[in-house]
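What follows is one structure encoded as structure tokens, with my remarks underneath.
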Amino acid sequence: RKEVEQDPGPFNVPEGATVAFNCTYSNSASQSFFWYRQDCRKEPKLLMSVYSSGNEDGRFTAQLNRASQYISLLIRDSKLSDSATYLCVVNTEDSNYQLIWGAGTKLIIKP
Amino acid sequence: ETGVTQTPRHLVMGMTNKKSLKCEQHLGHNAMYWYKQSAKKPLELMFVYSLEERVENNSVPSRFSPECPNSSHLFLHLHTLQPEDSALYLCASSQLGASSYNEQFFGPGTRLTVL
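Keeping their order, the protein sequence lines are chains C and S. Here the first sequence stands for residues 50 to 160, where the numbers follow the numbering used here. Here the second sequence stands for residues 441 to 555, where the numbers follow the numbering used here.
Dropping the structure here:
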């Protein structure tokens with residue numbers, strides 16, 4: 050089993066729709082979780098950290114489910130500019146330095 | 441300049457060449473990282489420096505050699521690379537502290553092609 054697993058997609062979603070995707074992680078002792086977005090041929094950019102109580106930033110909502118070991122990202126009222134690859138990132142138990150990266154979920158918003 | 445910068449943005453080199461990648465962070469962070477990103481694969485951590493000391497080396501081949509002269513600058517020296525080393529090389533920085541949240545910020549990357 051991969052340490053961090055994501056559906057690669059692509060998710061093809063009409064503009065204005067709501068889209069959600071999950072990411073599962075294997076290490077139950079993981080402490081910190083993130084969503085990054087990466088545009089084609091660009092660097093990853095931090096979208097949001099994911100806290101135990103869940104958190105929201107505008108149209109984006111992140112949730113953590115420790116019992117089932119997954120995090121989720123919900124995007125409401127999707128925009129064309131939301132088209133990107135979304136990377137799920139989890140820290141390791143052993144080291145605060147080392148983050149384990151998922152391979153990403155590709156999202157395409159269609160007009 | 442702000443954030444994390446990297447030079448060059450693109451590099452083509454032969455297997456016998458020696459080149460260096462440069463990274464500079466303007467965020468006042470105390471840790472810097474080199475990652476490799478190959479097509480359709482997750483980011484692979486290559487090296488971590490915290491307070492200019494290397495804290496992790498994830499069994500990267502010796503043809504990659506990092507250097508961190510101070511907390512703002514990081515280099516990756518390349519020699520006798522192989523074609524499979526062609527990838528996007530990303531530099532990142534973060535502020536490590538008591539919190540377990542290690543939010544990393546990335547430079548634009550160097551797209552490396554080895555012929």
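Note that CB positions come from ideal geometry on N, CA and C, so glycine has one too.
Own chain partners of residue i with C-beta closer than 8 Å, once the 5 adjacent residues on each side are dropped
{"i": "S/M455", "result": "T520, L521, Q522, P523, V554, L555"}
Residue i, enclosing beta strand (DSSP E) - first and last residue
{"i": "C/C137", "result": "133-140"}
{"i": "C/C72", "result": "68-74"}
{"i": "S/V554", "result": "550-554"}
{"i": "C/K155", "result": "154-159"}
{"i": "S/M453", "result": "450-453"}
Within chain C, the residues that residue i reaches when beta carbons sit closer than 8 Å
{"i": "S/N542", "result": "S81, N140, N145, Y146, L148"}
{"i": "S/P548", "result": "K91, E92"}
{"i": "S/F504", "result": "Ordered by position in chain C, no residue passes the 8 Å Cβ test against S/F504, which lies about 17 Å from the chain."}
{"i": "S/A471", "result": "Y146"}
Buried/exposed call for residue i, threshold 16 Cβ in 10 Å
{"i": "S/N542", "result": "buried"}
{"i": "C/P63", "result": "exposed"}
{"i": "C/R86", "result": "buried"}
{"i": "C/Y100", "result": "exposed"}
{"i": "S/H469", "result": "buried"}
{"i": "S/N510", "result": "exposed"}
{"i": "C/E92", "result": "buried"}
{"i": "C/K51", "result": "exposed"}
{"i": "C/T154", "result": "buried"}
Min CB distance residue i to chain C below 9 Å
{"i": "S/R551", "result": "yes"}
{"i": "S/P448", "result": "no"}
{"i": "S/V452", "result": "no"}
{"i": "S/L530", "result": "yes"}
{"i": "S/S533", "result": "no"}
{"i": "S/S460", "result": "no"}
{"i": "S/S490", "result": "yes"}
{"i": "S/E493", "result": "no"}
Residue-chain proximity (residue i, chain S), Cβ-Cβ < 9 Å
{"i": "C/E92", "result": "yes"}
{"i": "C/G103", "result": "no"}
{"i": "C/L113", "result": "no"}
{"i": "C/P57", "result": "yes"}
{"i": "C/L136", "result": "yes"}
Chain S contact residues for residue i, given Cβ-Cβ distances below 7 Å
{"i": "C/A152", "result": "K480, K481, P482"}
Own chain partners of residue i with C-beta closer than 6 Å, once the 5 adjacent residues on each side are dropped
{"i": "S/V500", "result": "M486"}
{"i": "C/L123", "result": "A69, T110"}
{"i": "S/H450", "result": "R551"}
{"i": "C/I157", "result": "P59, N61, S132"}
Interface partners of residue i on chain S, CB under 8 Å
{"i": "C/L96", "result": "The premise fails here: C/L96 is roughly 11 Å from chain S at the closest Cβ pair, so nothing lies under 8 Å."}
Chain C residues whose Cβ lies nearer than 7 Å to that of residue i
{"i": "S/V568", "result": "Outside the shown range of chain S, which is 441 to 555, sits residue 568 of chain S, and nothing can be said about it."}
Interface partners of residue i on chain C, CB under 9 Å
{"i": "S/V500", "result": "None at all; the shortest Cβ gap to chain C is about 13 Å."}
{"i": "S/L516", "result": "Within chain C, no residue comes near S/L516; the closest Cβ sits about 15 Å away, beyond 9 Å."}
Spatial neighbours of residue i in its chain, beta-carbon cut-off 7 Å, leaving aside the 5 residues before and after
{"i": "C/D106", "result": "M97"}
{"i": "S/K459", "result": "L451, M453, L518"}
{"i": "S/S478", "result": "A527"}
{"i": "C/G65", "result": "D126, S127"}
{"i": "S/S490", "result": "N470, A471, L536"}
Cutoff 9 Å: residue i Cβ touching any chain A Cβ
{"i": "C/V53", "result": "Protein chains in the displayed structure are C and S, and chain A is not among them."}
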